[in-house]
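Novice: Let me begin by handing over the structure; questions about it come next.
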Amino acid sequence: MMQILRWSAGRVMSALITLLGVSVLIFVAIRLMPGSYEDIILGPLASAEERQLLAEAYGLDQPIFVQYFAWIGQVLTGELGTSYVTQSSVSGEMLERIPVTATLTIMAMAVTLLAGVPLGIWTGVRSGAKQGGAVGRVVSSIGISVPEFVLGSIVIFVFSQFSLGLKVGGFASIGTGFWPTFQALLLPALVLSVFCVAATARTTRDAVMGVLVEPHITAAVARGETAGHIVRHHVLRNAGIPILTLLGTITAYLLGGAVIIETLFNLPGLGSFMVTGLGRRDFAVVQATVLFAAAVFVVLSLVLDLITSALDPRVAVTGKAGS
Amino acid sequence: MLINQRTRSRAAAGAAIALSLACVLTSCAAPGSAPGGTEQTEAAPGFLAVADEALTGTGALTVQLDYDTSEADGLDPQTAQTDTSWMIMGLVYETLVTTDENFEIQPKLATSWEQPDDTTYVFTIDTTATFSNGRALTVDDVVGSLERQVASMSVWSGQMGPVESIEATGDDQVTVKLGSPYAPFLAALANTPAAILPMEEVNDGSVDLTTTMLGTGPYLVADHRQDESWTFTANPDWHGGDNLAVQTLELQIVDQESTRQAALREGSTGMAKFVNIDSLSQLGGNEGLQIVKQTQSGLYYVLVNSQKPDSPLNDQDVRFAINTAIDRQAIADIVFAGETTPTGITPSNLPGACRVDELPSEQAAIEDARATIEETGAGDVELDLIVDTSNPAMAQIAQLVQQQLAEIGVTVRIEQVDTAVYSERVFSAQPGDFDLSISWFEGYSDPSMVTKWWNPEQAFFNVGFTGVHEDLNALIAEGASETDPDARAEVLTELCASADEYAEMVPLVHRPSIIGFDTAAVSPTIQSNEGYGNILRNIADYRIAGE
Chain A
1 MMQILRWSAG RVMSALITLL GVSVLIFVAI RLMPGSYEDI ILGPLASAEE
51 RQLLAEAYGL DQPIFVQYFA WIGQVLTGEL GTSYVTQSSV SGEMLERIPV
101 TATLTIMAMA VTLLAGVPLG IWTGVRSGAK QGGAVGRVVS SIGISVPEFV
151 LGSIVIFVFS QFSLGLKVGG FASIGTGFWP TFQALLLPAL VLSVFCVAAT
201 ARTTRDAVMG VLVEPHITAA VARGETAGHI VRHHVLRNAG IPILTLLGTI
251 TAYLLGGAVI IETLFNLPGL GSFMVTGLGR RDFAVVQATV LFAAAVFVVL
301 SLVLDLITSA LDPRVAVTGK AGS
Chain B
1001 MLINQRTRSR AAAGAAIALS LACVLTSCAA PGSAPGGTEQ TEAAPGFLAV
1051 ADEALTGTGA LTVQLDYDTS EADGLDPQTA QTDTSWMIMG LVYETLVTTD
1101 ENFEIQPKLA TSWEQPDDTT YVFTIDTTAT FSNGRALTVD DVVGSLERQV
1151 ASMSVWSGQM GPVESIEATG DDQVTVKLGS PYAPFLAALA NTPAAILPME
1201 EVNDGSVDLT TTMLGTGPYL VADHRQDESW TFTANPDWHG GDNLAVQTLE
1251 LQIVDQESTR QAALREGSTG MAKFVNIDSL SQLGGNEGLQ IVKQTQSGLY
1301 YVLVNSQKPD SPLNDQDVRF AINTAIDRQA IADIVFAGET TPTGITPSNL
1351 PGACRVDELP SEQAAIEDAR ATIEETGAGD VELDLIVDTS NPAMAQIAQL
1401 VQQQLAEIGV TVRIEQVDTA VYSERVFSAQ PGDFDLSISW FEGYSDPSMV
1451 TKWWNPEQAF FNVGFTGVHE DLNALIAEGA SETDPDARAE VLTELCASAD
1501 EYAEMVPLVH RPSIIGFDTA AVSPTIQSNE GYGNILRNIA DYRIAGE
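If you read the protein sequences in the order shown, they are chains A and B.
Under the numbering used here, residues 1 to 323 are what the first sequence spells out, in order.
Under the numbering used here, residues 1001 to 1547 are what the second sequence spells out, in order.
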């Protein structure tokens, strides 16, 4: 028990260090990028004095470590800074956009789980059969190889050109009710989830195939257990850990993919907020959105680690999952 | 000259093939668009569309645009720098005068004006107009607003000319005296930065123009989410009348051209603006949609950096050779599918503009340009051509310019960067950190407004890449101060030739705007020509279609 607690404390500490590292990295990286806020906002006619005044107004004339500690101090109090463009609180702007990205990501994750896992199990169980193997390969190859912006562009064209029932050119905000929002986000979520469905199906298939050759499966077959019983009680239980681990990675992928999908489908979420902020070198916006996305990923990974250790205590003791 | 044209034709054909191949991988293909452009008939002389007066309904209209306002000074119209900002702020604010479909000045808040001499303008103000807080417009608002603009040192203050005094000379009369004649004065007053502000509220601090828009115009701001949307509602007290059919106007900011196209196709928006000329053909076949091309006086131009140390572009002969090799007509035909026309530094669709075919670079032989490059050894140096990714047309122009310059032995390497990097390297760096670049200007409604940017001492932004030429500057000043149309046309012709020979900012073609609208949603009035990028100029005349 003490070992598990110590392991858990270590994982929490590791998560905090990761977040600290991300905060330093993004803070420095965005300042190393060529092009500045003054160039974008003040325009070509701005004088050196005007640029200096603007830099002073946002503390950008201070040494970088002074700027960093001022910012991280704000972050620790829950304030993520002020947008250079809108002059408003970044936290407030993010709170308005988080529901969009969260709904999009959750819908994409739901599609991933509902389609990817069953498909992976089916193709894994039928891996010996021609049908299962071929279907698995085709689906995963297509899903993994088609970039989201290509698929998204095709979907946008097809659905807008042929009136297939779902709109792609106008977003219904969360406040307009569940159904309009669901309709507005369904296509983006489906496009976003394609890669994840393919990746999950492939991982699940490999895990299932790995479990199927274990001696205890042979023993279960010898005991006369039905195929369904074997899958539910022996295969899924043992194949679950790699799938669970994959979910952490998929979450990160979905958050990253949301940037492209939100821009493509014109969704007012965190991803498009970050892209616009980056284009305008709105440091406060970029820092806050990247740190938030990193925090979500780190926290989710931590939760998944803890769940994994609960399912298989050997993870906490040896650092390795059993089969 | 014949040989020159044949050689150019070959170059154009080669460039077309190269560009077509490139377009397979990008989004610039315009299948079916033949050089010469698509047939576009005007609904009435000077208008691409005229609102159907028989439609009497009122309602809401959604318009999708490509970008939002983003000035450091927030919503202050006097410091607004981009055409989108002018258009959006122009829904709330009004100017003394405006321009019509022929670029002629028409009354607005000034119901009339007189010009007793070349330097005096006496405006009669419509004092029945009210700000949206209910307060009546006064001559003090007019005087204060114009004085504020002249003193602002903003982009637009230079366009106001040599204003000496602005005085209220009656309860409804304002007199402006200029230090010397200035032909573009009324045209400068016609754009949003010369808007009349609620100076009483500004002076007593009850209105902060950077965060609040309070004007005499047809609309009030109901909501604004930066880079996402604007919602305007009709100003019930607007002096322009109670016939405003678009009672609620939502402007949605949609970055992706393909998403705006989709929204228009499926009816999510009633109207949309497009940058890519291919939208004409891509949307043209859709039932119920009308797609029109509005000719802007604005123009694309090539920046040729003469200030970078040890660059072959320091040599005027090399720059002129490059100018000679650039085939404006080929750019119009290939990049813009014939939907635009070449221009000199005076926008060719403005009254009094110089003729493009008389420019020295158009008269010169491409063989001479090639010989110049060989003699100077400029062809041994690879020039970088930096392009901002925000406008796909500029990358397409760059590809064609690259091909055209290869014809005279100049090797060009295209570099695409985002707007921040572009601005830093082109406008902020001293000297500019580039060899060649592509950009664009608005063309406004008087030829001497845009020519001002060829004088770095007035423009400032081009100090890093252009030299100061006293003769050119004198012609720019003379063009602005000459009020006799014939004499002015002569000066402008000379000015065009001089700028063409210095070849530091080389005008290419006009920058068209593509506007699409759903006929089931709206019946708009759209001018064929526009000088300030304002596609919503006639919004008060729009009629709502359908229920």
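Glycine included, C-beta positions come from ideal geometry on N, C-alpha and C.
Taking the CB atoms as reference points, tell me whether B:Ser-1513 and B:Gly-1533 lie closer together than 9 Å.
Specialist: Contact flag set, yes.
Novice: Within the continuous alpha helix (DSSP H) that includes B:Trp-1440, where are the two ends?
Specialist: Segment 1436–1441 is the beta strand (DSSP E) holding B:Trp-1440; no alpha helix (DSSP H) there.
Novice: Compute the Euclidean distance between the alpha carbons of B:Leu-1280 and B:Val-1450, then round it to the nearest angstrom.
Specialist: For B:Leu-1280 and B:Val-1450, the distance between alpha carbons rounds to 28 Å.
Novice: Using the beta-carbon of each residue, which ones in chain A are nearer than 7 Å to B:Ser-1423?
Specialist: Here the neighbours are Gly-35, Asp-39, Ile-40, Pro-44.
Novice: Name the two residues that bound the continuous beta strand (DSSP E) containing B:His-1510.
Specialist: B:His-1510 -> beta strand (DSSP E) spans 1505–1510.
Novice: Using a Cβ-Cβ cut-off of 9 Å, state whether B:Glu-1071 counts as contacting chain A.
Specialist: Output row for B:Glu-1071: interface = yes.
Novice: Please classify B:Ala-1521 as buried or exposed, where buried requires at least 16 other C-beta atoms within 10 Å of its C-beta.
Specialist: Looking at its Cβ environment, which holds 16 or more other Cβ atoms inside 10 Å, B:Ala-1521 is buried.
Novice: Just by C-beta distance, which residues in the stretch 1239–1254 of chain B are closer than 7 Å to chain A?
Specialist: Residues Val-1254.
Novice: Would A:His-216 be called buried (16 or more neighbouring beta carbons within 10 Å of its own) or exposed?
Specialist: Exposed is the call here.
Novice: Cβ closer than 9 Å: which chain A residues qualify as neighbours of B:Gln-1226?
Specialist: Neighbours of B:Gln-1226 on chain A, chain order: Ser-83, Val-85, Thr-86, Ser-88, Glu-93, Thr-276.
Novice: What are the start and end residues of each continuous beta strand (DSSP E) run of 3 or more residues lying completely inside the stretch 1042–1104 of chain B, in chain order?
Specialist: DSSP runs (the beta strand (DSSP E)) wholly in the stretch 1042–1104 of chain B: 1047–1049, 1059–1065, 1097–1099.
Novice: By the three-class DSSP mapping on this structure, what secondary structure does B:Lys-1293 have?
Specialist: Residue state, collapsed to three classes: strand.
Novice: What's the C-alpha gap between A:Gln-74 and A:Ala-198?
Specialist: Cα to Cα, the separation comes out at about 41 Å.
Novice: What runs of the alpha helix (DSSP H), each 4 residues or longer, lie entirely inside the stretch 108–170 of chain A?
Specialist: DSSP runs (the alpha helix (DSSP H)) wholly in the stretch 108–170 of chain A: 117–125, 130–145, 148–161.
Novice: Excluding the five sequence neighbours on either side, which residues of its own chain have a C-beta within less than 7 Å of the C-beta of B:Gly-1240, listed in chain order?
Specialist: Contacts found: Pro-1218, Ala-1540.
Novice: Which stretch, first to last residue, makes up the alpha helix (DSSP H) that contains A:Met-2?
Specialist: A:Met-2 -> alpha helix (DSSP H) spans 2–32.
Novice: Name the chain B residues whose beta carbon is nearer than 8 Å to that of A:Ile-156?
Specialist: Chain B residues near A:Ile-156: Ser-1258, Thr-1259, Ala-1262.
Novice: Residues in the same chain with beta-carbon distance under 6 Å from B:Thr-1169, minus the five sequence neighbours each way, listed in chain order, please.
Specialist: Counting only Cβ-Cβ distances below 6 Å, and skipping sequence neighbours, we find Thr-1175.
Novice: Identify the continuous beta strand (DSSP E) that holds B:Arg-1413 and give its terminal residues.
Specialist: 1411–1417 is the span of the beta strand (DSSP E), which, as asked, contains B:Arg-1413.
Novice: Where does B:Ala-1034 sit, in a helix, a strand or coil, going by DSSP?
Specialist: For B:Ala-1034, the pLDDT reaches just 38, beneath the cut-off of 50, and the residue's location in the model is therefore unreliable, leaving the point undetermined.
Novice: So with Cβ pairs under 9 Å, would you call A:Thr-263 a contact of chain B?
Specialist: Yes, because at least one Cβ of chain B sits closer than 9 Å to the Cβ of A:Thr-263.
Novice: Which ranges does the beta strand (DSSP E) cover as unbroken runs of at least 3 residues, wholly within the stretch 1126–1181 of chain B, from first to last along the chain?
Specialist: Listed in chain order, they are 1163–1170, 1173–1178.
Novice: Suppose only complete runs of 3+ residues qualify. What are the beta strand (DSSP E) ranges in the stretch 1172–1254 of chain B, listed by chain order?
Specialist: Listed in chain order, the complete beta strand (DSSP E) runs (minimum 3 residues) inside the stretch 1172–1254 of chain B are 1173–1178, 1219–1225, 1229–1234, 1246–1253.
Novice: At a CB-CB cut-off below 7 Å, which residues of chain A make contact with B:Gln-1081?
Specialist: Simply Gly-43.
Novice: Could you please tell me which residues of the stretch 1402–1428 of chain B, in chain order, have their CB closer than 7 Å to any CB of chain A?
Specialist: Listed by position along the chain: Asp-1418, Thr-1419, Ala-1420, Val-1421, Ser-1423, Glu-1424, Phe-1427, Ser-1428.
Novice: Determine whether the beta carbon atoms of B:Asp-1317 and B:Thr-1233 lie at a separation below 9 Å.
Specialist: No, Cβ-Cβ distance for B:Asp-1317 and B:Thr-1233 is not below 9 Å.
Novice: Report the three-state DSSP secondary structure of B:Gly-1338 (helix, strand or coil).
Specialist: Correct three-state label for B:Gly-1338: coil.
Novice: Does DSSP put B:Gln-1458 in a helix, a strand or coil?
Specialist: Correct three-state label for B:Gln-1458: helix.
Novice: Are the C-beta of A:Pro-99 and some C-beta of chain B separated by less than 9 Å?
Specialist: No, no contact with chain B.
Novice: Does the beta carbon of A:Ser-301 come closer than 9 Å to any beta carbon on chain B?
Specialist: No, because no Cβ of chain B sits closer than 9 Å to the Cβ of A:Ser-301.
Novice: Taking 8 Å as the cut-off, does the CB of B:Arg-1328 come closer than this to any heavy atom belonging to the ligand GTP?
Specialist: What this structure holds is no ligand at all, so the ligand GTP is not there to describe.
Novice: Within this structure, are the beta carbons of A:Val-90 and A:Gly-81 separated by less than 9 Å?
Specialist: Cβ distance < 9 Å, so A:Val-90 and A:Gly-81 count as in contact.
Novice: Roughly how many whole angstroms lie between the Cα atoms of B:Ser-1260 and B:Gln-1527?
Specialist: Correcting the residue identity first, residue 1260 of chain B is Arg in this sequence and not Ser. If you take the alpha carbons of B:Arg-1260 and B:Gln-1527, they lie about 22 Å apart.
Novice: Taking the C-alpha atoms as reference points, what is the distance between B:Leu-1025 and A:Ser-23?
Specialist: Here the model assigns B:Leu-1025 a pLDDT of 31, short of 50, so the residue's position is not dependable, and the following value carries that caveat. Going from the Cα of B:Leu-1025 to the Cα of A:Ser-23 covers about 37 Å.
Novice: Would B:Gln-1247 and B:Ser-1229 qualify as a contact pair, given that the criterion is a beta-carbon distance under 9 Å?
Specialist: Cβ distance not < 9 Å, so B:Gln-1247 and B:Ser-1229 don't count as in contact.
Novice: Label B:Thr-1483 either buried or exposed according to how many other C-beta atoms from any shown protein chain fall within 10 Å of its C-beta, with 16 as the threshold for buried.
Specialist: Counting Cβ neighbours within 10 Å, B:Thr-1483 comes out exposed, since fewer than 16 surround it.
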